[in-house]
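Following: one structure in structure tokens, then a few remarks.
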Amino acid sequence: MNRRRKTAEELRSHRWYGVRDLRSFGHRSRTKQMGYADEEYRDKPVIGIINTWSDINPCHTHFRDRAEEVKRGVWQAGGFPVEMPAMSLSEPFQKPSTMLYRNLLAMETEELLRSYPMDGAVLLGGCDKTTPAMLMGAISMDLPTIFVPAGPMLRGNWRGRTLGSGSDVWKYWDEKRAGEIGEREWDEIEDGIARSPGHCMTMGTASTMTAATEALGMTLTGASSIPAADSNHSRMAATSGRRIVEMVWEDLKPSDILDERAYDDAVTAVLALGGSTNAAIHLIAMARRGGVPLDLDRFDALSRSVPVLANTRPSGEYLMEDFFYAGGLRGLLSRLKDRLNLDRPTVGGRTLGEDLEGADVYDDAVIHPVDDPLHEEAGLAILRGNLAPDGCVIKHSAADPGLLQHTGPAVVFDGYEDLDRRVNDPALEVDEGSVLVLRGAGPLGAPGMPEWGLLQIPEKLLKKGVRDMVRISDARMSGTAYGTCVLHVAPESHVGGTLALVRDGDLIELDVPGRRLELHVSEAELEHRRKEWSPPQSHYGRGYGAMYMGHITQANEGCDFDFLEAGPPVKEPEIH
Ligand code: FES
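So for the sequence shown, my numbering puts the first residue at 115; every next one is plus one.
Structure below.
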């Protein structure tokens with residue numbers, strides 16, 4: 115691609131460093147205070163390395179090293195690297211949910227880039243929400259940006275058996291509750307399931323979103339599949355550092371890369387991976403930041419024709435380390451070439467088609483051929499009906515096929531505490547045909563739309579051997595989880611969606627092939643219940659939470675803050 119190269123005077127940082135006035139004297143003298151001579155930063159692209167390393171984020175423990183490797187590349191290419199810490203969003207620890215804070219990290223990313231003399235950005239993220247959050251901020255700021263994904267951790271291991279993040283936790287927890295393994299085995303699983311840096315190594319939200327980011331064209335080709343502990347990962351980081359400097363001179367920005375075709379390719383990749391349902395929220399939020407049309411119907415339309423090729427947990431058998439050895443995302447995309455937009459640009463400075471030259475698959479058991487897919491139709495379906503007029507999501511590739519068309523009586527729980535208190539009560543009126551309903555778990559209701567959508571099976575049914583049931587909520591579900599779970603019901607119950615009106619014993623019909631979710635209660639009765647319903651109190655009276663409650667959008671709109679979506683350009687800061 116031939117793009118006009120910027121001159122040093124056209125660099126954004128020139129306004130801080132290059133002019134001769136009182137303020138720029140301060141910028142230069144203070145840079146010298148940090149030990150840098152004039153020739154080390156003057157007339158060079160300043161690269162902000164946004165680092166989500168933290169002592170409490172196990173998925174990002176290697177990011178101090180990776181930041182140094184990115185810096186090495188930036189120096190080599192003639193740039194000036196500046197590392198800036200940003201909120202870490204550690205999935206296992208942050209309460210009530212990292213989703214509550216995704217937009218805060220997005221705002222932090224955008225404003226760090228805006229308020230400092232940055233010409234370009236390298237984003238270090240990977241643990242679940244960090245990827246969409248940083249990209250949303252970078253899309254809004256629209257400086258040349260490259261994403262360095264954390265990479266998956268190595269396979270877990272227990273008594274010679276492979277363990278996958280999340281998926282095997284749910285599996286063995288149910289085994290333990292059913293009395294099939296004891297405390298000693300459970301402790302050993304705890305020792306063996308997470309044993310290296312890197313994000314969850316199943317096809318959960320982290321693996322899904324970093325792969326989607328590569329498919330969008332926002333990472334170097336092949337970057338998202340490299341395990342965090344592999345030396346290829348360090349080299350990818352250094353190469354990203356070299357490349358971002360060139361991207362600044364070329365002025366290659368997210369808005370040059372992220373068009374409708376890019377999002378179609380990202381959705382196609384997510385579907386072929388059997389990726390996380392969370393991608394439907396995050397990709398819509400990212401697209402809306404850039405003013406690109408993308409909605410749930412586009413996911414559903416593509417899902418009807420894209421086959422699942424990746425045999426990875428929770429939909430399949432293998433883990434991300436196996437996926438990398440089998441050819442990784444490059445291998446998978448090479449099998450989908452006729453469905454992709456190969457002539458669009460990526461951060462590498464070439465087209466997607468050029469990026470995929472030489473890509474191959476080395477193990478058909480891990481990445482299936484198109485004519486022998488894991489599933490003919492992609493694993494994600496969008497359902498609508500009177501229970502979800504604005505849509506909801508099910509990952510049916512990870513569900514019991516026998517439950518995909520099912521009608522049963524509702525057993526309703528009002529929030530997580532109610533679920534926790536009653537679900538294992540032997541007196542609960544429930545059987546395997548019941549439909550478990552959780553409400554008060556959406557973006558506003560919980561708040562923060564936590565991953566409560568994998569409602570636990572009542573213990574008395576587990577003991578009878580029941581391992582899956584139809585479950586419906588306005589929550590999200592971990593991308594590593596599995597089961598017949600209908601998620602993201604919109605509008606959520608907190609704002610008076612039909613979910614708020616369901617009562618115990620109401621019949622609910624799930625019809626995944628027909629893409630329907632219906633509450634079999636007459637409109638007159640629903641109207642009567644609607645009049646009796648009163649909205650719950652807001653969770654927060656002040657602080658970030660109050661801002662969140664005032665501006666969060668619903669799941670089908672991406673759960674962004676309404677004032678952060680695409681709009682008029684934000685004024686550049688004055689330098690005085
Ligand atoms: Fe970080 Fe799963 S806990 S990706």
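Note that CB positions come from ideal geometry on N, CA and C, so glycine has one too.
For residue 444, same chain residues with a beta-carbon under 7 Å away, outside a window of 5 residues either side, are 335, 336, 470, 473 in chain order. Contact between residue 260 and residue 371 fails: their C-beta atoms lie close to 10 Å from each other, not under 8 Å. For secondary structure counted as the beta strand (DSSP E) over 3 or more consecutive residues, the region 539-619 holds these complete runs in sequence order: 549-553, 584-587, 599-601. Per the coordinates, the alpha-carbon of residue 168 lies some 36 Å from the alpha-carbon of residue 412.
In this structure, residue 584 places its C-beta atom within 7 Å of the C-beta atom of residue 517. A Cβ-Cβ contact shorter than 7 Å links residue 631 with residue 499. The shortest CA-to-CA distance from residue 353 to any of 161, 191, 434, 674 is the one to 191. Residue 263 is positioned such that its CB atom lies no closer than 7 Å to that of residue 175.
In this structure, residue 312 lies away from residue 376, with their beta-carbon atoms at least 7 Å apart.
Proximity of the beta carbon of residue 632 to the ligand FES is not indicated: no heavy atom of the ligand is located closer than 6 Å. Take the alpha-carbon of residue 384 and the one of residue 690: they are about 46 Å apart. Within the region 370-432, the runs of alpha helix (DSSP H) that reach at least 4 residues and sit entirely inside it are, in chain order, 374-387, 392-403, 410-417.
Between residue 547 and residue 568, the gap from beta carbon to beta carbon reaches 7 Å or more.
Inclusion of residue 219 and residue 237 in the CB contact set at 7 Å is not warranted, their separation being larger than that value. Only exposed fits residue 638, as fewer than 16 other CB atoms lie within 10 angstroms of its CB. Each of 201, 288, 482 was checked against the Cα of residue 578, and the nearest Cα belongs to 288. Rounded to whole angstroms, the gap between the alpha carbons of residue 524 and residue 622 is 7 Å. Placement of the Cβ of residue 242 at a distance of less than 6 Å from at least one heavy atom of the ligand FES is found.
Shown here for residue 481: same chain residues with a beta carbon closer than 8 Å to its own, the five before and five after excluded, namely 423, 424, 425, 437, 440, 441, 445, 446, 449, 475 in chain order.
Relative to the ligand FES, the beta carbon of residue 320 is positioned inside 6 Å of a heavy atom.
Proximity to residue 558 across 479, 642, 653, 467 peaks at 653, based on C-alpha coordinates. Apart from the 5 residues on each side of it in sequence, residue 131 sits with its Cβ closer than 7 Å to the Cβ of 138, 141, 142, 155, 156, 231 in its chain, given in chain order. Secondary structure note for residue 346: its alpha helix (DSSP H) is the uninterrupted segment 345-364. Residue state for residue 206 is assigned as coil, using DSSP reduced to three classes. DSSP, reduced to helix, strand and coil, places residue 499 within a strand of the structure shown. Following the DSSP letters along the chain, one finds residue 235 inside the beta strand (DSSP E) bounded by residues 234-239.
Rounded to whole angstroms, the gap between the alpha carbons of residue 270 and residue 534 is 29 Å. Straight through space, the alpha carbons of residue 127 and residue 686 are spaced by roughly 12 Å.
Residue 270 carries a strand assignment under DSSP once its states are collapsed to helix, strand and coil. Closest by C-alpha distance to residue 163, out of 195, 619, 387, 179, is 195. In this structure, the straight-line span from the alpha carbon of residue 193 to that of residue 233 is close to 10 Å.
Of 660, 521, 670, 466, the smallest CA-CA separation from residue 588 is found for 670. In the structure shown, residue 170 adopts coil according to DSSP, grouped into three states.
Under the three-state reduction of DSSP output, residue 642 falls in the helix class.
With fewer than 16 other Cβ atoms inside 10 Å of its own Cβ, residue 515 counts as exposed. Membership of residue 264 in any beta strand (DSSP E) is not indicated, and neither H nor E is assigned to it by DSSP.
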